[in-house]
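Undergrad: Top to bottom, those sequences are chains A and B.
Using the working numbering, read the first sequence as starting at 30 and increasing by one per residue.
Using the working numbering, read the second sequence as starting at 666 and increasing by one per residue.
We put the beta carbon where it would ideally sit given N, CA and C, even for glycine.
The structure displayed is predicted, hence computed values, not measured ones.
What follows is a single structure, and I will ask about it in a moment.
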Amino acid sequence: MLTLTCPVCGVDACETELAAGGEAHLKRYGPGSSDDQFEEYMFMRPNVKGVHFERWRHAMGCGKWFLAARDTATLEVFGTYPAQTLEPPADILKAIKAKRPDWSLT
Amino acid sequence: MSNAFSALQGVSDTGFAHVKEMGLVGMVTLKADLDAAITKKAVKSAIGEGIPAARGMSDGSKPDGVAWMAPDELLFLCKHEEAEGVVNALTKGMGDAHHLAVNVSDARAVFTIEARDVREVLGKLTPANLADLKPREIRRSRFAQVPAAFWMNSPNHATVICFRSVAQYMFDLLVTAAKEGAEVRYY
Ligand SMILES: [Zn+2]
């Protein structure tokens, strides 16, 4: 079972208390962007096997969104961090690198 | 004016634990910036207690309490007939500051569980880690299929709050989990 620590309220929440929100750090292109860019934002996901950054909502809890880094294959959790973050924070990257030396943020 | 009725009007049941719907309970939700000085002042003047720390509850001399629900949300507990007064005091105290104070007394149901160890009942219904839960620490979670908030006043006494619309479901859950002879004795 997946347990994520909500960085907002500090609770160790079980997967069934959370609502999954898909991939994190998506870029939405602004006015004047092409259909292809919108398609990319809307639908195109690498769907990685391995290190993944995700959005979660503590639905049956404080109700807030947060972000998490975990391995989609092993369910290993590298850390959780606030939703108001534009890119994975340094401490999260460090935690991933410690466990997955070959991994890099692409 | 119609009379106020709680969801299950104080129904109770006794298995290895005693489960009771508390009847009319006053509850007020405040959504606001809890770090703002004006919020701290408004809460203090409305209920005479400070804002509790994260996931905490303020214990006052009064039976009333304030529970921390989220970084921008508090739940005030009071007598049913006092709830409107609490709303008015909060509204006055908050003034023009962005906030929402609303009487949710009739939108919720409150249950108490009394047992030798209330975790024997709670542990069957919620995924919350009860081993880590401190007394009077409020935990928002789920009980089977419905959201609920609960806290343990002591190892023998717990309080559960859920939506009024699922009050009967919650009562049935608690009663089933507390059936005579159904102790798991895990804790
Ligand atoms: Zn939370």
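(1) Between the stretch 101-110 of chain A and the stretch 61-68 of chain A, do three or more beta carbon pairs fall short of 8 Å?
(2) Report yes if the C-beta of Cys-38(A) is less than 6 Å from at least one heavy atom of ligand 1; otherwise report no.
(3) Chain A partners of Ala-719(B), CB-CB under 7 Å?
(4) Are at least three pairs of beta-carbons, each pair with one atom in the stretch 119-135 of chain A and one in the stretch 44-61 of chain A, less than 8 Å apart?
(5) Would you call the stretch 783-792 of chain B and the stretch 713-720 of chain B touching, i.e. three or more CB-CB distances under 8 Å?
(6) Quick one: list the residues of chain A neighbouring Arg-807(B), beta-carbon separation under 8 Å, in chain order.
(7) Can you tell me where the alpha helix (DSSP H) with Lys-706(B) in it begins and where it stops?
(8) Thinking Pro-820(B) and Ser-806(B) are a contact (beta carbons under 8 Å), I'd like their distance in whole angstroms, please.
(9) Do you know whose CA, among Asn-794(B), His-822(B) and Ala-701(B), lies nearest Arg-781(B)'s CA?
(10) Is there a C-beta anywhere in chain A that falls below 7 Å from the one on Pro-812(B)?
(11) Per DSSP, Leu-695(B) is paired with what?
(12) Compare the C-beta of Pro-800(B) with all C-beta atoms of chain A and state if any pair is closer than 7 Å.
(13) Cβ of Gly-90(A) within 6 Å of any heavy atom in ligand 1?
(14) So, helix, strand or coil for Arg-773(B), using DSSP?
(15) Which chain B residues sit within Cβ distance under 7 Å of Gly-92(A)?
(16) Strictly under 7 Å for the Cβ-Cβ distance: is Pro-792(B) near chain A by that measure?
(17) Would you check if there are 3 or more beta carbon pairs closer than 8 Å linking the stretch 686-694 of chain B to the stretch 740-758 of chain B?
(18) Taking the continuous beta strand (DSSP E) assigned at Leu-33(A), which residues delimit it?
(19) Can you tell which of Val-767(B), Leu-838(B) and Asp-737(B) has the C-alpha that lies nearest to the C-alpha of Ala-701(B)?
(20) Taking the alpha helix (DSSP H) that Lys-78(A) falls in, what are its first and last residues?
(21) Over what stretch of residues does the beta strand (DSSP E) that includes Gly-108(A) continue unbroken?
(22) In angstroms, rounded to a whole number, what distance separates the CA positions of Gly-713(B) and Leu-740(B)?
(23) Does ligand 1 have even one heavy atom less than 6 Å from the beta-carbon of Cys-35(A)?
(24) Rank Phe-95(A), Asp-100(A) and Lys-123(A) by C-alpha distance to the C-alpha of Tyr-110(A) and give the top, closest one.
(25) Please go through the same chain and pick out, in chain order, the residues whose beta-carbon is closer than 8 Å to the beta-carbon of Glu-845(B), but skip the five residues on each side of it.
TA: Per the coordinate set shown:
(1) Contact between the stretch 101-110 of chain A and the stretch 61-68 of chain A is not established, with fewer than three Cβ pairs separated by less than 8 Å.
(2) yes
(3) Those are Cys-38 and Gly-39, listed as they occur along chain A.
(4) no
(5) no
(6) Thr-45, Glu-46 and Met-89
(7) Lys-706(B) -> alpha helix (DSSP H) spans 702-712.
(8) Incorrect: roughly 18 Å between the Cβ atoms, too far for contact.
(9) Of all alpha-carbon atoms in Asn-794(B), His-822(B) and Ala-701(B), the one lying nearest the alpha-carbon of Arg-781(B) is that of His-822(B).
(10) yes
(11) Leu-739(B) and Ala-766(B)
(12) No, Pro-800(B) does not count as interfacial toward chain A.
(13) yes
(14) strand
(15) Ala-735
(16) Cβ-Cβ to chain A under 7 Å: yes for Pro-792(B).
(17) yes
(18) First-last of the beta strand (DSSP E) with Leu-33(A): 32-34.
(19) Asp-737(B)
(20) That residue, Lys-78(A), is in no alpha helix (DSSP H); it is neither H nor E in DSSP.
(21) 106-111
(22) 14 Å
(23) yes
(24) Ranked by Cα distance from Tyr-110(A), the first of Phe-95(A), Asp-100(A) and Lys-123(A) is Phe-95(A).
(25) Gly-680 and Phe-681
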